[in-house]
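J.:
Here it is, written out as structure tokens:
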């Protein structure tokens, strides 16, 4: 966000672009990150504005970076332009720049930078394109790593790690879960090996960092 702010942008949104109408729950699962005014983000998500957004319309066929005004001008649905442009401006979002990111599986993600005003030239466009691709790549790598971790650890191993992260000893965990202390130790060792951790604290740290534990 710091780099984007250098060019006048104050908000940020990244997500996987839907190619067809999907449920609100599915839309929310496609969000990678967002730093928008909460009221605008809630309204946009709850009212399904993604299907009326000229920016999303343009992303269906354009894989090159573009600014919001280009999307508004090229949109074939003037009522959608009036709705999105008008309501976004209520929150100070009058200008923006969008960077599409084509993923390895062929799907398209996009990062949208927004603000009240912006000063972006060729250098700024290149910088924002780099930031967008880096951010999406990192987030997708994180999500995939977390998915692999969740698939590796059994429910009982998870329970043992969870209580260990709360500062419980193996004996205390055995009492809580109603299993033997040696079984608790075995589960934690197994989880540690699956996560590739060097010891129990490292395993807990890896699980916390990946948000396997919350």
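Residue numbers (our numbering): 5 to 218. Ideal Cβ placement from N, Cα and C applies to all residues, glycine included. Just so it is clear, the structure is predicted and the values come from calculations on it, not from any experiment.
Just reading off the beta strand (DSSP E) that residue 19 is part of, what are its end residues?
T.: 15-20
J.: Could you compute how far the alpha carbon of residue 210 sits from the alpha carbon of residue 143?
T.: 16 Å
J.: Mapping DSSP to helix, strand and coil, what is residue 35?
T.: strand
J.: Would you say the segment 131-142 touches the segment 86-106, given that touching needs at least three Cβ pairs under 8 Å?
T.: yes
J.: Over what stretch of residues does the alpha helix (DSSP H) that includes residue 173 continue unbroken?
T.: No alpha helix (DSSP H) contains residue 173, which DSSP labels as neither H nor E.
J.: So what does residue 118 bridge to, in DSSP terms?
T.: 15, 100
J.: Report the three-state DSSP secondary structure of residue 112 (helix, strand or coil).
T.: strand
J.: For residue 158, name the three-state secondary structure that DSSP assigns.
T.: Of the three classes helix, strand and coil, the one that applies to residue 158 here is coil, per DSSP.
J.: Quick check: the Cα distance between residue 179 and residue 196, rounded to an integer number of angstroms?
T.: 21 Å
J.: Could you have a look at residue 81 and say whether DSSP puts it in helix, strand or coil?
T.: coil
J.: With a threshold of 6 Å on Cβ separation, who are the neighbours of residue 191 within its own chain once the five nearest residues in sequence on each side are excluded?
T.: 160, 161, 164
J.: Going by alpha carbons, who is nearest to residue 112 out of 183, 140, 96, 119?
T.: 140
J.: Only counting the same chain, and skipping five residues up and downstream in sequence, which positions put a Cβ closer than 6 Å to that of residue 41?
T.: 95
J.: What residue does the alpha helix (DSSP H) around residue 205 start on, and which one ends it?
T.: 204-213
J.: If you drop the 5 nearest sequence neighbours on each side, which residues of the same chain put their C-beta closer than 7 Å to that of residue 109?
T.: none
J.: When you compare the CB positions of residue 116 and residue 59, do they come within less than 8 Å of one another, or not?
T.: yes
J.: Is it buried or exposed, residue 90, if we count other Cβ atoms within 10 angstroms and call 16 or more buried?
T.: exposed
J.: So, at 8 Å on beta carbons, what are the nonlocal neighbours of residue 87 in its own chain, with the 5 sequence-adjacent residues on each side left out?
T.: 53, 56
J.: Is it the case that the Cβ atoms of residue 98 and residue 120 are separated by a distance below 8 Å?
T.: yes
J.: Going by CA-CA distance only, name the one from 193, 81, 204 that's closest to residue 171.
T.: Of the candidates 193, 81, 204, the one whose C-alpha sits nearest the C-alpha of residue 171 is 204.
J.: According to DSSP, simplified to helix, strand and coil, what is residue 10?
T.: coil
J.: Could you tell me which of 118, 11, 25, 33 sits nearest to residue 44, measuring between CA atoms?
T.: 118
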